[in-house]
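The block underneath contains the structure these notes are about, expressed in structure tokens.
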Amino acid sequence: MSRRIAGAAVGTGLATLAYAALVERRWYALRHVTLPVLRAPAERPLRVLHLSDLHLPPWRSPVHTFVRRCLVQHPDVVVLTGDILGHGRAIQPALELLSDRRGALGIYVLGSNDRFEPAPKNPLRYFGPRDEYVHGEPVDTAALTAGLADAGWQRFDNRRATVRTPAGAVDVAGLGDPHLRADHPERIDWTTPADGFATRLGLVHAPYRRALDVFDARGFDVVFAGHTHGGQVRVPGVGALVANCDLPLRLARGPSRYGSDLWLHVSAGAGQSMYAPIRFWCRPEATMVDLVQARTARPPHD
Numbered sequence: 001m002s003r004r005i006a007g008a009a010v011g012t013g014l015a016t017l018a019y020a021a022l023v024e025r026r027w028y029a030l031r032h033v034t035l036p037v038l039r040a041p042a043e044r045p046l047r048v049l050h051l052s053d054l055h056l057p058p059w060r061s062p063v064h065t066f067v068r069r070c071l072v073q074h075p076d077v078v079v080l081t082g083d084i085l086g087h088g089r090a091i092q093p094a095l096e097l098l099s100d101r102r103g104a105l106g107i108y109v110l111g112s113n114d115r116f117e118p119a120p121k122n123p124l125r126y127f128g129p130r131d132e133y134v135h136g137e138p139v140d141t142a143a144l145t146a147g148l149a150d151a152g153w154q155r156f157d158n159r160r161a162t163v164r165t166p167a168g169a170v171d172v173a174g175l176g177d178p179h180l181r182a183d184h185p186e187r188i189d190w191t192t193p194a195d196g197f198a199t200r201l202g203l204v205h206a207p208y209r210r211a212l213d214v215f216d217a218r219g220f221d222v223v224f225a226g227h228t229h230g231g232q233v234r235v236p237g238v239g240a241l242v243a244n245c246d247l248p249l250r251l252a253r254g255p256s257r258y259g260s261d262l263w264l265h266v267s268a269g270a271g272q273s274m275y276a277p278i279r280f281w282c283r284p285e286a287t288m289v290d291l292v293q294a295r296t297a298r299p300p301h302d
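In our numbering, the protein residues as written are 1 to 302.
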């Protein structure tokens, strides 16, 4: 009997691993969320496509097809919250993919994988202290950012600016990746803007609380982030086991409220590291986020 139980356990484990590696990691989801964050001056709702953690390989992959299908939905703005690259030789395929946004405004921040190649590591490290970051060789970040600039993308690492959208002027600020301690809010002029903004929008790759606290303290309406992969492996009824940062696990995926009056949207991402090519109970995703006035908010759906 014990052999049968052991055999059944091994078989279940192998089947689960096969599903996570061969099925779910390519079972892409385009989610839809409505956030009531627009202010009175907004001229109309604003549709934002939130992409994150693409971890693109050097070749064309299913994630390329998925991103192009998302762009067919004609967002007004594409927000990209880092970890575009999954390999140092993926820069040109990434630029080819991201150069055609179907007329949408493109804004972004970098993630750690846009500066360093991923490196193999013991997955148990994610359950330990986060004060040591293991990374591979540097990538040509300058070539990536130059190519994105040529394609019309606006970078917001430790930068703030006003962008014009169909909803009106939007106050956008971004921080460098806190996972690399590249966030420098002291470099940004946080002077309170005059009235007239449709919304105030923050960008950061890894949603560490110190970064979110910066946006919350300065009166921003919404922050877009990635990095967590939604946990990547989630337990039904429990949720994410790790977030790879100090964000509470219940906030590791999707929309939530944070701090005093801040909306937070964390993308579970559309890719995964080449050294951990699995997903379980956490499909790779992008999200179409409709920013509206409070009275028109609707619940999220796929």
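Note that CB positions come from ideal geometry on N, CA and C, so glycine has one too.
All values derive from a computational prediction rather than experimental measurement.
From the DSSP output, which residues share a beta bridge with residue i?
i    : result
W263 : V222, R257
A243 : A243 pairs with nothing; no bridge assigned.
T199 : V170
P118 : Partner(s): none; P118 has no beta bridge.
F156 : For F156, which the question treats as bridged, DSSP gives no partner whatsoever.
R306 : The question about residue 306 has no answer here: the residues shown for the chain are numbered 1 through 302.
R31  : T287
L324 : The requested residue 324 is not part of the displayed model; the chain covers only 1 to 302.
V77  : V48, L105
Does DSSP put residue i in a helix, a strand or coil?
i    : result
R26  : helix
Y108 : strand
R164 : strand
H184 : coil
P36  : strand
T228 : coil
L85  : strand
L251 : helix
L17  : helix
P138 : strand
Where do the ends of the alpha helix (DSSP H) carrying residue i lie?
i    : result
A211 : 209-217
E96  : 91-98
L315 : Absent from the model: residue 315. The displayed extent of the chain is 1 to 302, so no value can be given.
Since residue i is in the beta strand (DSSP E), which residue starts that stretch and which ends it?
i    : result
V63  : From DSSP, V63 is part of no beta strand (DSSP E) but of the alpha helix (DSSP H) over 62-71.
L51  : 46-51
T287 : 285-292
Please name the residue in the options whose C-alpha comes closest to that of residue i.
i    : options                : result
Q232 : L49, A252, A151, L56   : A252
L249 : V204, L14, R209, Y275  : R209
V292 : S273, A167, A194       : A167
G219 : V289, H229, W263       : W263
R257 : F280, D216, V238       : D216
R187 : G176, L54, P138, L180  : G176
G88  : C70, N113, G13         : N113
R234 : G11, P277, C282        : C282
A42  : R164, Q73, S52         : R164
G226 : A194, H179, T191, P185 : H179
D53  : V37, H205, A104        : H205
P236 : L247, R69, F280, P58   : F280
R159 : I84, W59, W190, P118   : W190
P58  : V223, R44, A90, D157   : A90
A194 : T162, Q73, D213        : T162
F224 : V238, N244, P255       : P255
T16  : I278, P284, A294       : I278
V72  : V139, L95, D261, G103  : G103
Does the structure place the segment 106-119 close enough to the segment 78-94 that three or more beta carbon pairs sit under 8 Å?
Between the segment 78-94 and the segment 106-119, the count of C-beta pairs closer than 8 Å reaches three or more; the two stretches touch.
If contact is defined by three or more beta carbon pairs under 8 Å, each pair taking one atom from either stretch, is the segment 162-176 in contact with the segment 195-211?
yes
Mind the definition here: the segment 262-282 touches the segment 25-40 only if three or more C-beta pairs lie below 8 Å; say whether that holds.
Enough Cβ pairs lie closer than 8 Å, so yes.
Can at least three beta-carbon pairs, one atom from the segment 272-292 and one from the segment 47-58, be found at a separation below 8 Å?
yes
For the segment 97-105 and the segment 147-157, state whether three or more C-beta atom pairs, one from each stretch, are separated by less than 8 Å.
Taking 8 Å as the limit for Cβ pairs, the verdict is that the segment 147-157 does touch the segment 97-105.
At least three beta-carbon pairs within less than 8 Å, the segment 58-74 to the segment 12-23:
Fewer than three Cβ pairs drawn from the segment 58-74 and the segment 12-23 lie within less than 8 Å of each other, which leaves the two stretches out of contact.
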